[in-house]
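Take a look at the structure set out below.
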């Protein structure tokens, strides 16, 4: 076996996976892994939890070390080495040893680029003040950790309401600080459709987080020893510590300067074998462009789970294998205080952009049998294609059981299942784990009912739009009197409890468009059926009931 | 619309689902639901949890009432009515009102048989003693509840180690009793392969349950006011209370006497529309025969989740719809004290019976990131087809995250995924919920590695058989010295820590069959790769490592 020389640039998730896999495919290869930082393969995703103390020891973040990699995998690990240039013609990389400043070069037969991503730092005045930091690397985390130990910040401003922003907000609230989140968009967690994000906004409020939406940061300043963030609405938010969490950007400069293509998403272009246009160069992890399996479009998937898979494939393929990574469903989950919040597939907005006429449904249902203690409501928004019935995307929020339903839905979407086919799934049922009708089965039934012609949904946004337009329609609340007292009714609604509907049907006009609602949609669906079978021409049901309306409208108005 | 008359026999899970769905499909139908018991639609699956006090109130078990069904769905519910005969020619059923003893008849246009299943009570002497009871119905539960309140049983014997047996055992241990389980087979939970059941046996022991396997009950007796169970090994087990949980049998007498076919599984034969050979008669729930989607063979699926789906389809189809239930993957889950124990698809034994050459792998992996608190090991046995790669069955045991992986695997099996394709799933990852490499992804990688020719697994059972046969092979323990001190080695093994294997490779014979193991299989897999690439002709890895061996052999010997 000829001794192949493999160089890997980057040693966190994708790079370390690639190195280990390459070794398992070729015992004789010379493998060198360059990493700019001091550590390899540390738990990037765990950093916010280390700040909050949930992860008690810094060592727990260090999954492995260079010495271990040498011993176990016979990998030559060079931390503190910055690769500055790839010379494809000469098949060489040029590096600087950051400790000594010495530069050098190393030839390769095969190269894997795993340069990761960096925190985006917007060019805001004051962003270089000492109490401002990104939260992307272990170095960032150490700096923030030391700072909070030293100066116990009372007011923390998190700029950006994405994944890291949410985790950071929770972390500092747990630490006892007053936390504000400033977000340029009108919502946090932009992987959610707006009305689902409202559920998160509400929960942040419950947890004492001050949320400033649709506000940009215009400067970060310090006056009389006090820091603050100034927004483009002229708000001054006190800030002893500012976490910049506005997003990340793939590190592609090295690849681009070597003439490798960067795709429309901003990541390095690779095929399903993680191979660039240069057959000797592979790329993996946060720096590459992936494919969304629902749309077939290029996307960035900066997740540790993706990096591990891609790195493994790149490592194998650099050694001559042909392992494909077909793409990603686009699954995301984040813990926001007591809530798990996630999505898989595409959003309603994205579905519309794809030219699909989406069927949108909301299901609110117990994560396990209601009679067994601790059952929590899972809120599921499902987007499917009205024409093909294909499941396109799912958003789920709840206190328990969210990750399970997301993973099932991700598996269903990967396999091209239709919404009604979800009904066929034989999901594990026992009272501590699920309900006889799992939320997923409910989604399937709701979809099947639609495609059987048994109901026509209207979303809170659509209902609100109709109201604003001044359309003529009857709005029917089918709940009981007690519930109405607790939550009120939707303005303009007539109240006929579902159990009285059969007797009082003549109070309604069969020719007039009629929209029914209840708490989450089960009673109004029955009402919809009764009216339709009794000759009502145009009946709709508010999907997700007043529970969805409350959030939908809180967002709209 | 002609007024159709639908009669439903049985009002628990399938019957109640059928009635509600039939109403939603036909507002004008006359619908009568006969139920022998006093309650409809109660939570059969919750009964053991009511006995343990986990479910505090009896009312919580009553999901709905006859009055509610009348009011909400306009269903004529007749509890305490026993249907005794179906006269298909006259399209009539004959019933007895159990309260008055009066008999009557009722004509039908459409009929749904949802007669459920009954507890099997073996013809053992003493089975009718007052301290002996099944645990199937609410009446059984009330009787046991009253008995335990009155006489506080110190010794409880559970006969049968199936789902109900396990739940009952936990329930009475929680109540403070000394619990024995007597099981005729050599293992509990026969949906598991034997070596996986051993994990459950071990846990039952930890919880103080006395387990008597491969023992039948020969009699139940009472002497000097003391009860006991006598086994066919002449053991006398003290018993103040005996729960008979040896299984259930579908109630098919009514259907069979009406000339409806009963299938090979013992359930009423129906097509995918829940229709019997009589186009006016449908059947659903525990009394029907279903199809296993992996084998295509007839099976019983006596689960509340199945009953709800089948009842819904039967109700719709009796009203002229065509809703199909394609079959079941065979998913089961049960809580056994701190463990969740489940399977989906078929077992290794069943795969062999199907004529498949199964690839069997064990993966032990954290349910979420190890650095985030509370991570627990999930133990996954996977059975796939070596030829087609198709995933056939999965068994999972662990303290956390078991239900999630089962549901994903059930979805994967339903969709005919191959074991290596699991790698492509984009599962939700954040440290509180999962690991960057989810256990499912590990299973996919292990499968892909096999199909790439990177390793050849040997199961604990196969290794043990080789040892007994006296085969010549080298057994290599690749763990560290510290671990060896804790657990010991497999007899006959040579110890070379993985990190020394490269230097000490010449201590081994390249021509001799070599079997490697470590704790769970990761280091031995690396060792397998090193040896194979260094010219060893015949190398195997013990799948699941010593963790699986311990259980595998504890079972074998």
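Residue numbers (this note's numbering), protein chains in the order written: chain A, 639 to 1195; chain B, 639 to 1195. Glycine included, every Cβ here is placed at the ideal spot set by N, Cα and C. On a predicted model such as this, the values are computed, not experimentally measured, just so you know.
Shown here for residue 1143 of chain B: same chain residues with a beta carbon closer than 8 Å to its own, the five before and five after excluded, namely 1168, 1169, 1172 in chain order. Counting along the chain, the unbroken alpha helix (DSSP H) around residue 807 of chain B starts and ends at 801-812. If you ignore the 5 residues before and after residue 728 of chain A, its C-beta comes within less than 8 Å of the C-beta of 745, all in its own chain and listed in chain order. If you look at residue 863 of chain B, you'll find it isn't in any beta strand (DSSP E); DSSP assigns it neither H nor E.
Taking a beta-carbon distance threshold of 8 Å, residue 1080 of chain B does not count as an interface residue toward chain A.
Among the residues facing chain B, residue 955 of chain A is not included, as its CB has no counterpart in that chain under 8 Å away.
Rounded to whole angstroms, the gap between the alpha carbons of residue 841 of chain A and residue 782 of chain A is 26 Å. Contacts between residue 943 of chain A and chain B, judged by CB atoms closer than 9 Å, involve 1064, 1065, 1066, 1067, 1072, 1073, 1074, 1075, 1076, 1079 in chain order. When CB distances to chain B are screened at a threshold of 7 Å, the residues of the stretch 682-709 of chain A falling below it are 683, 684, 687, 692, 693, 698, 699, 709, in chain order.
The C-alpha of residue 899 of chain B is placed about 6 Å away from the C-alpha of residue 907 of chain B. Relative to residue 853 of chain A, the option among A:835, A:844, A:874 whose CA is nearest is A:874.
Here the stretch 653-662 of chain B does not lie against the stretch 686-700 of chain B, with fewer than 3 beta-carbon pairs under 8 Å apart. In this chain, the beta strand (DSSP E) harbouring residue 647 of chain A covers 643-647. The stretch 796-810 of chain B and the stretch 942-961 of chain B do not touch, with fewer than 3 CB-CB distances between them shorter than 8 Å. When the alpha-carbon of residue 651 of chain A is set against those of A:645, A:738, A:666, A:673, the nearest one is in A:673.
Sixteen is the threshold: when 16 or more other Cβ atoms of the shown chains lie within 10 Å of the Cβ of residue 1004 of chain A, as they do, the residue is buried. Closer than 7 Å at the C-beta level to chain B, one finds these residues of the stretch 1027-1049 of chain A: 1041, 1042, 1044, 1045, 1046, 1048, 1049. With fewer than 16 neighbouring CB atoms inside 10 Å of its own CB, residue 1125 of chain A falls in the exposed class. When DSSP reads this structure, residue 882 of chain A sits in a beta bridge with A:772, A:797. For residue 951 of chain A, same chain residues with a beta-carbon under 6 Å away, outside a window of 5 residues either side, are 912, 961, 963 in chain order.
Across the stretch 1006-1021 of chain A, CB contacts with chain B closer than 7 Å involve 1007, 1009, 1010, 1011, in sequence order along the chain. Around the CB of residue 976 of chain B, fewer than 16 other CB atoms lie within 10 Å, so the residue is classed as exposed.
The alpha-carbon of residue 1137 of chain A is positioned some 14 Å away from that of residue 702 of chain B. Within 10 angstroms of the beta-carbon of residue 1149 of chain B lie fewer than 16 other beta-carbons, which makes it exposed. At a cut-off of 8 Å, the C-beta of residue 1140 of chain A has a neighbouring C-beta in chain B. Counting only runs that start and end inside the stretch 955-1015 of chain B, the beta strand (DSSP E) elements of at least 3 residues fall at 970-974, 977-983, 996-1004.
If only uninterrupted alpha helix (DSSP H) runs of at least 4 residues are considered, those enclosed by the stretch 891-946 of chain B are 891-895.
Along the stretch 961-973 of chain A, going in chain order, the ones with a CB nearer than 9 Å to a CB of chain B are 961, 962, 963, 964, 965, 966, 967, 968, 969, 970, 971, 972, 973. For the alpha helix (DSSP H) assignment, the uninterrupted runs of no fewer than 4 residues enclosed by the stretch 664-749 of chain A are, from N- to C-terminal side, 685-690, 704-711. Taking C-beta atoms under 8 Å as the contact rule, residue 1031 of chain A and residue 989 of chain A qualify, at a distance of about 7 Å.
Per DSSP, reduced to three states, the secondary structure at residue 1084 of chain A is helical. For residue 653 of chain B, no chain A residue has a C-beta closer than 8 Å to its own C-beta; the minimum C-beta separation is roughly 13 Å. Less than 8 Å divides the Cβ of residue 714 of chain B from the Cβ of residue 669 of chain B.
With respect to the 8 Å criterion, residue 1065 of chain B and residue 1079 of chain B are classified as neighbours on the basis of their beta carbons.
Counting only residues of its own chain and dropping the five nearest sequence neighbours on each side, residue 901 of chain A has a CB closer than 7 Å to the CB of 907, 927, 936. In summary, residue 763 of chain A is exposed, with fewer than 16 beta-carbon neighbours lying within 10 Å of its beta-carbon over all protein chains present.
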